[in-house]
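One structure is given here, and the rest of the page talks about it.
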């Protein structure tokens, strides 16, 4: 047994020939079974809550109040009934307005800034980059008071503009992430384009942007999701005006209006989760790349 | 902007062109690329940060002009208001407990995934997916799961013969329940840590195995030092997450209290018994429900100072990492 533990190739096949004893292979199997069952259990534990949301969403009104987990009969019409209870369509339009316009604005403003931070050589570049990182880490609550004051004076509270406009100028996280991606594109390609007669602007447009498409896609996805999920911003700026609520705010208030209808509540919850899940399943690679970039490539 | 750039480069670098002209052109290029960001930073970060500090020394209700108070707001914060102290305690609790649990849990899951030989993609996807759920939706989901009467969690516990608690309705269990919710959504950290774990050179493990090192020693002497920068990033990231903890606290409290219209009244914020009243939540109530903008600004300054310390830590960490990369 002792030799088995010492020479057991654990999870990696050793390069040198490992002394095999009769126990080696079943121990390997045991290890395989153990890790894979833990992995499976984790995957299950993570997905169960979402599964319960969908199962409860299609239960009948009375069953949703019992403590059953599996629907007796499937009421897919619940998803449509939510639309009768609250102006969900309007809220969806508001959410899409916020997320799509903010993402478009982010792309316009962040790509040039990230390029200047990643590729152009200038004095004070590192200091400016540190300011970007600092802005990224700043809790939104810290600057909320003067910003709210500003938008009140501009007469734009109650609308979505205070949420969207900033993205057309500056979004710290996107600038940071895009810079990290741009750093991975070899300078040679841009230099070659310049030798072929491109100026700084056309080199970015014709060479850097097409080559960074995965990174730009990842940044766009993060921006879209962040705004789709945002609660604090809409609460402050559109809280007073129901007509401009995005989905996050309406969902948070849904329970108050429809106290015991858990099936409809879960149907609404499911519908807000779906875009995020679908986006992820379509663009898994971009997401994972983006995530690892924020943490690993400092 | 574009015109300037095009004209600048249309003039081909003539051999006798001075260095000053080139530098000027370079400066204009940078300015062209950076100007929206400069304006955005000044308007949405620079100005409000300075204004917050100014407002924090005043009494301001948005309508009447700010009235100078000196350190009045700060003195009030630490002496005459018990709820702000409760809020500080709750946020400190989250910073300590939530950060510890989140980082250890994410690391544990990442280590399990890194050891899988098949199904890695599927397991990774399923573990990461919940972190994308909108916080409001995730919180409502957990309020449902943790429902004392018919929630699946208590139903399962009853099946095991355990008496499940009141969760979001019990002041002692509300914060632990929020912590579990945060663990469910910690997929982002898992992916970062998983990438770091997969980057550890395998030869080192093999060499250590030849030397007879066990799994614990291999973890302490090889894995930990290699992933240290990423681990550091995860900790700081989680601390900042805990310092900003807002949406989940507000939504959990309001759903559990049953009366909620989140954007309407402030009555059920912090339910039950102020156990979910975090610092940003109280800042929000003071500033945007009671319109004590000066007092909210003072709270914001305190939040800023604490966040700044952790950000400075992160920036130092990243600088060190980039030195390694460039060197």
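Chains as they are written, first to last, in my numbering: chain V, 1 to 298; chain U, 1001 to 1327.
In this text, a Cβ means the ideal position worked out from N, Cα and C, and glycines have one as well.
All of these numbers come straight from a predicted model, not from anything done at the bench.
Asked	Found
Grab me the residues of residue 189 of chain V's own chain with a C-beta within less than 7 Å of its C-beta, minus the 5 sequence neighbours each way, in chain order.	207, 211
In chain order, what residues of the same chain lie with their CB nearer than 7 Å to the CB of residue 1102 of chain U, ignoring the 5 residues before and after it?	1182, 1183, 1186, 1189, 1238
Going by CA-CA distance only, name the one from U/1162, U/1115, U/1126, U/1226 that's closest to residue 1204 of chain U.	U/1226
In this structure, does DSSP put residue 1059 of chain U in helix, strand or coil?	strand
Starting from residue 1269 of chain U, follow the alpha helix (DSSP H) in both directions and report where the run begins and ends.	Looking at the DSSP string, residue 1269 of chain U is not in any alpha helix (DSSP H), and its letter there is neither H nor E.
Return helix, strand or coil for residue 1188 of chain U, following the three-state DSSP convention.	helix
Please confirm if residue 1004 of chain U has its CB atom under 7 Å from at least one CB of chain V.	Any reading at residue 1004 of chain U must be qualified, since the residue scores a pLDDT of 44, below 50, and its modelled position is unreliable; the value itself is stated next. Not an interface residue.
Residue 1197 of chain U versus chain V: which residues are under 9 Å apart at the beta carbon?	Per Cβ cutoff of 9 Å: no residues; residue 1197 of chain U is ~11 Å from chain V at best.
According to the neighbour-count rule (16 or more other Cβ atoms, all chains shown, within 10 Å of its Cβ), is residue 1161 of chain U buried or exposed?	exposed
Of the residues U/1064, U/1047, U/1072, which one's Cα is nearest the Cα of residue 1056 of chain U?	U/1072
If you compare alpha carbons, which of U/1229, U/1248, U/1291 is closest to residue 1192 of chain U?	U/1229
Which of helix, strand or coil does DSSP assign to residue 289 of chain V?	helix
Nearest by alpha-carbon distance to residue 1201 of chain U: which of U/1218, U/1211, U/1024, U/1153 is it?	U/1218
Let me know the secondary structure DSSP gives residue 1206 of chain U once reduced to three states.	helix
Tell me the DSSP bridge mates of residue 1068 of chain U?	U/1058
Go ahead and pull the three-state DSSP assignment for residue 1162 of chain U.	coil
Which runs of the beta strand (DSSP E), 3 residues or longer, sit entirely within the segment 1124-1175 of chain U?	none
Against chain U, with Cβ distances strictly below 7 Å, would residue 78 of chain V count as a contact?	no
Just to confirm the assignment: which complete alpha helix (DSSP H) runs, minimum length 4, are found wholly within the segment 173-218 of chain V?	187-195, 200-203
Cβ of residue 1067 of chain U less than 7 Å from any chain V Cβ?	no
Hey, would you say residue 1112 of chain U sits closer than 7 Å to residue 38 of chain V, going by beta carbons?	yes
Compute the distance between the beta-carbons of residue 178 of chain V and residue 116 of chain V, then report whether it is under 7 Å.	no
Measuring alpha carbon to alpha carbon, tell me which of U/1273, U/1240, U/1049 ends up nearest residue 1100 of chain U.	U/1240
Who are the Cβ neighbours of residue 1234 of chain U in its own chain at under 7 Å, not counting the five residues just before and after it?	1103, 1106, 1189, 1192, 1193
For residue 54 of chain V, which residues of its own chain have a beta-carbon under 8 Å away from its beta-carbon, when the five flanking residues on both sides are left out?	266, 270
Between the segment 1152-1159 of chain U and the segment 1072-1088 of chain U, can you find at least three pairs of beta-carbon atoms closer than 8 Å?	no
Do you know offhand how far residue 1246 of chain U's Cα is from residue 1146 of chain U's?	19 Å
Compute the beta-carbon to beta-carbon distance between residue 113 of chain V and residue 175 of chain V, rounded to the nearest angstrom, for a pair I have assumed lies under 8 Å.	5 Å
Can you find a CB in chain U that lies within less than 7 Å of the CB of residue 252 of chain V?	yes
Less than 6 Å between C-beta atoms, sequence neighbours within five positions excluded: which residues of the same chain meet that for residue 13 of chain V?	Any reading at residue 13 of chain V is ruled out, since the residue's pLDDT is 46, under 50, leaving its predicted position unreliable.
Are the beta-carbon atoms of residue 1312 of chain U and residue 1278 of chain U separated by less than 7 Å?	no
Residue 1268 of chain U to residue 1308 of chain U, Cα distance in whole Å?	31 Å
When Cβ atoms are compared, which residues of the segment 271-282 of chain V fall closer than 7 Å to chain U?	272, 273, 276, 277, 280
What's the call for residue 126 of chain V, buried or exposed, on a 16-neighbour Cβ count within 10 Å?	exposed
Buried or exposed: where does residue 278 of chain V fall if 16 or more other Cβ atoms within 10 Å of its Cβ makes it buried?	exposed
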